[in-house]
Amino acid sequence: MSEPGIGLAFLAILLVLLIIRVPVALAMFVVGYFGIAILNGFNAANSTLASETFTLASSPELVVIPLFILMGNIASVTGLSRQLYDAAYALIGQVRGGLASATILGCGGFAALSGSSVASALTMGKVALGEMDRYKYDNRLSTGAVAAGGTLGILIPPSTGFVIYAILTEQSIGRLFMAGILPGLLLLVLFIATISLLCWFRPEFGPSGPRTTARQKLQALIGAGPIVAVILLTIGGIYGGVFSPVEAAAVGAGFVIILGFVTSKLKLDMFWKATRESIVTTATVMLILIAAHLLNPFLALSQIPQFVGDVLLHLNLSVYAVLAIILAIYLVLGCFLEGFAMMVLTLPIFFPIITQLGIDPIWFGVLVVLTLEMGLISPPVGINVFIVKSVATDVPLGRIFVGVAPFWIAMLVALVILVSFPQISLVLPNTMIN
Amino acid sequence: MRTIRNVADRLIGLSAILGSVGLLAEMIIILTDVVGRAFGAPLYGSQDLVIMTMVTVVFGGMAICDRKGGHIAIDLFEDHYSRLFNRIVDAGSALLGAIIFAMIAWTVFESAKLSIMLNLSTNLLNLPKAWFQWGLCGFALLTSFGMLLRAVELAFHNHNIHKESPFV
Numbered sequence: 027m028s029e030p031g032i033g034l035a036f037l038a039i040l041l042v043l044l045i046i047r048v049p050v051a052l053a054m055f056v057v058g059y060f061g062i063a064i065l066n067g068f069n070a071a072n073s074t075l076a077s078e079t080f081t082l083a084s085s086p087e088l089v090v091i092p093l094f095i096l097m098g099n100i101a102s103v104t105g106l107s108r109q110l111y112d113a114a115y116a117l118i119g120q121v122r123g124g125l126a127s128a129t130i131l132g133c134g135g136f137a138a139l140s141g142s143s144v145a146s147a148l149t150m151g152k153v154a155l156g157e158m159d160r161y162k163y164d165n166r167l168s169t170g171a172v173a174a175g176g177t178l179g180i181l182i183p184p185s186t187g188f189v190i191y192a193i194l195t196e197q198s199i200g201r202l203f204m205a206g207i208l209p210g211l212l213l214l215v216l217f218i219a220t221i222s223l224l225c226w227f228r229p230e231f232g233p234s235g236p237r238t239t240a241r242q243k244l245q246a247l248i249g250a251g252p253i254v255a256v257i258l259l260t261i262g263g264i265y266g267g268v269f270s271p272v273e274a275a276a277v278g279a280g281f282v283i284i285l286g287f288v289t290s291k292l293k294l295d296m297f298w299k300a301t302r303e304s305i306v307t308t309a310t311v312m313l314i315l316i317a318a319h320l321l322n323p324f325l326a327l328s329q330i331p332q333f334v335g336d337v338l339l340h341l342n343l344s345v346y347a348v349l350a351i352i353l354a355i356y357l358v359l360g361c362f363l364e365g366f367a368m369m370v371l372t373l374p375i376f377f378p379i380i381t382q383l384g385i386d387p388i389w390f391g392v393l394v395v396l397t398l399e400m401g402l403i404s405p406p407v408g409i410n411v412f413i414v415k416s417v418a419t420d421v422p423l424g425r426i427f428v429g430v431a432p433f434w435i436a437m438l439v440a441l442v443i444l445v446s447f448p449q450i451s452l453v454l455p456n457t458m459i460n
Numbered sequence: 475m476r477t478i479r480n481v482a483d484r485l486i487g488l489s490a491i492l493g494s495v496g497l498l499a500e501m502i503i504i505l506t507d508v509v510g511r512a513f514g515a516p517l518y519g520s521q522d523l524v525i526m527t528m529v530t531v532v533f534g535g536m537a538i539c540d541r542k543g544g545h546i547a548i549d550l551f552e553d554h555y556s557r558l559f560n561r562i563v564d565a566g567s568a569l570l571g572a573i574i575f576a577m578i579a580w581t582v583f584e585s586a587k588l589s590i591m592l593n594l595s596t597n598l599l600n601l602p603k604a605w606f607q608w609g610l611c612g613f614a615l616l617t618s619f620g621m622l623l624r625a626v627e628l629a630f631h632n633h634n635i636h637k638e639s640p641f642v
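One line per chain: the protein sequences are A and B, in this order. Take the first sequence: its position 8, counting from 1, is numbered 34 in my numbering, and each next residue is one higher. Take the second sequence: its position 30, counting from 1, is numbered 504 in my numbering, and each next residue is one higher.
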């Protein structure tokens, strides 16, 4: 059998293992290890297993993962999301659909602390759904806003999605973080515009909230001040070249912990639990990354990326057509695969094609992460929808999926804009200091 | 079986404590370095300490990750499979995981022998690389043991530890 033939056969085995529910990391380990063993011998497979495992487990760049996860978990347990929501609520809660827009703003702010879409949807769902229910918001709009707003966590830095992309493609984490800021803000604006449009045509969807006085607005903004300071410190520090992403993660985590203890919102047992949860999540992410680094050499040996690349190049399509095909594949896969696993499984195949076509890898990273974000609210396995369902137990799942549909369209619009105007993604990384 | 599970859970708890302490240590080391650098006195060898502590953070959390059912799986079709099939897959996956982690431990142990022979150490503090490779082996073996135990419980006692005795 030819090398691409062996590669395709092993990819089929991988697919079967995934379908029967074998954990993604273990399935990738099996295919990667035995694939290398067949193509290059067991000695090569053993040595790749040992070297990749230790190299990744002691990689200085990857320290950013547990530290940002810790920062997000501490921010979650200390209820910082509540303060963000309150500030947004005080500012725009009184306009039609304002509570839903405040939810989106709160999600955006929390995304800049946590880097996790699930954490954003869960914490903001607990805070905002009750409020919107109280003001008689249509539950399609309220649940849709929380599920969609939560997805901002993966695009607005610090984003775990960007870290994984950076490690898999050997790109700068700092540049990717910067590349996510403007697209994240663009999406945030599009989400708010979607809410405004919905409430314009159907005013009963989002009645106006109560008016707040100037004093209440000021108090809410002061309350959110420390959180904004953390965001400015970490993101601004990376942009200004003051901190590396790893240092920014440590500074941010340290700042949030101190803030939690000083304001008495963080107790020792909560702190310990959040720390332990952080190492569990780190282990989940790192095991998949290690497995991916075992699978990648196998794919390279089997010449699958070259094979797929040759097929695409023989079609004589334009760069944009190839990009459109790849993004369409991501959108379809996003409906069925967990986003992180999808990225790990597909990048070794698509990334060499992207570089061969001269597409900017940072720009492509933003597009990939945005499509992952869309997968988070796509039926049938949109994880954020299930997260919202776990908070809004009385709302049928189908209704939540209907509610996220306009936001999914807004994301598609954002994708088209970002494909058409690469500078939106590239302007900040290109002007970064150091 | 119950005694073995209790011992395993205690070891997993200990491993998680080491991982958590490692994470906090990492944060403190980097913060000290950043603050020290601002005053012209960065922490000497901080990178050596951070990358080696990372081994404890990553592998210290592996056993508890499996114990809490933290691994990502595509469970889209779970409800379409029979109970027996799901049980077989769960037990088989746990056994597979046990073998993989045992192999990681073995191959890294062999690599540690090379590190000793070549006298490999970190750049600034000259911490022997083999120490951390042995640490990784220990954590990997514990994870392997935890997964093997879970496979046995699923296969012979129909006891799904994730659902019936959640780790707290």
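From the three backbone atoms N, C-alpha and C, an ideal C-beta is built for every residue, glycine too.
Mind listing which residues of the stretch 32 to 43 of chain A have their C-beta closer than 7 Å to chain B's C-betas, in chain order? none
Residue closest to G175/A, alpha-carbon to alpha-carbon, out of A431/A, T289/A and F55/A: Cα-wise, what sits closest to G175/A is A431/A.
So I375/A and V334/A are supposed to be a Cβ contact under 8 Å. How far apart are they, rounded? Taking the Cβ atoms as the reference, I375/A lies roughly 6 Å from V334/A, within the contact range of under 8 Å.
Does K587/B have its Cβ less than 8 Å from a Cβ in chain A? no
Neighbour list for N273/A in chain B, Cβ cutoff strictly below 7 Å: According to the sequence as given, residue 273/A is Glu; it is not Asn. Under the 7 Å cutoff, chain B gives I504 and V508.
Which residues of chain B have a Cβ atom closer than 9 Å to the Cβ of V536/A, listed in chain order? With chain A covering only 27 through 460, there is no way to say anything about residue 536/A.
Can you tell me where the alpha helix (DSSP H) holding V282/A begins and where it ends? V282/A -> alpha helix (DSSP H) spans P271 to V288.
P516/B - DSSP class collapsed to helix/strand/coil: coil
Residue environment, K587/B, which counts as buried when at least 16 other CB atoms sit within 10 Å: Classification of K587/B: exposed, given that the 10 Å Cβ count is below 16.
Quick one: using the 10 Å Cβ neighbour count with 16 as the cut-off for buried, is D483/B buried or exposed? buried
For the alpha helix (DSSP H) that contains I574/B, what are its first and last residues? R557 to M591
With three or more beta-carbon pairs closer than 8 Å as the criterion, would you say the stretch 92 to 103 of chain A touches the stretch 491 to 502 of chain B? yes
Would you mind stating whether P387/A and T195/A have Cβ atoms separated by less than 8 Å? yes
Would you kindly work out how many angstroms separate the C-alpha atoms of V414/A and G365/A, rounded to a whole number? 17 Å
Which partner residues does P602/B have in the DSSP bridge list? Beta-bridge pairing links P602/B to S595/B.
Taking 8 Å as the threshold (beta carbon to beta carbon), is M577/B in contact with chain A? By this cut-off, M577/B is an interface position.
Does the distance from the CB of I403/A to the CB of T177/A come in under 8 Å? yes
Ignore the nearest five residues each way along the sequence and tell me which others in L131/A's own chain have a CB closer than 6 Å to its CB. A114
Would G123/A and I221/A qualify as a contact pair, given that the criterion is a beta-carbon distance under 8 Å? yes
G520/B versus D507/B: straight-line alpha-carbon distance, rounded: One detail in the question is off: residue 520/B reads as Ser in this sequence, not Gly. S520/B and D507/B: Cα-Cα distance of roughly 7 Å.
Would you identify the three-state DSSP class for S198/A, choosing helix, strand or coil? coil
In terms of residues, what are the limits of the alpha helix (DSSP H) holding D295/A? Per DSSP, D295/A belongs to the alpha helix (DSSP H) from L294 to S328.
Selection of the stretch 174 to 206 of chain A by Cβ proximity to chain B, strictly under 7 Å: Flagged: no residues at all.
With three or more C-beta pairs closer than 8 Å as the rule, is the stretch 97 to 113 of chain A touching the stretch 312 to 322 of chain A? no
For a contact defined as C-beta to C-beta under 7 Å, what are the partners of M312/A on chain B? Within chain B, the residues V532 have their CB atoms less than 7 Å from the CB of M312/A, given in chain order.
Reducing DSSP to helix, strand and coil, say where A101/A ends up. Three-state result, A101/A: helix.
Where I435/A falls, given that 16 or more other Cβ within 10 Å makes a residue buried: exposed
Give the straight-line distance between the Cα atoms of M204/A and L454/A, rounded to the nearest whole angstrom. 6 Å
Residue ranges of each alpha helix (DSSP H) within the stretch 330 to 415 of chain A, 4 or longer: 330 to 340, 345 to 360, 365 to 382 and 387 to 401
For G280/A, which residues in chain B fall below 7 Å Cβ to Cβ? M501 and L505
Alpha carbon to alpha carbon, how far is L139/A from G251/A? Give it in angstroms, no decimals. 13 Å
Looking at the structure shown, is M458/A part of a helix, part of a strand, or coil, going by DSSP? coil
Contact list for the stretch 243 to 274 of chain A against chain B, Cβ threshold 8 Å: F269, V272 and E273
With a 10 Å radius around its C-beta and 16 neighbouring C-beta atoms as the bar for buried, classify F513/B as buried or exposed. exposed
Residue environment, S556/B, which counts as buried when at least 16 other CB atoms sit within 10 Å: exposed
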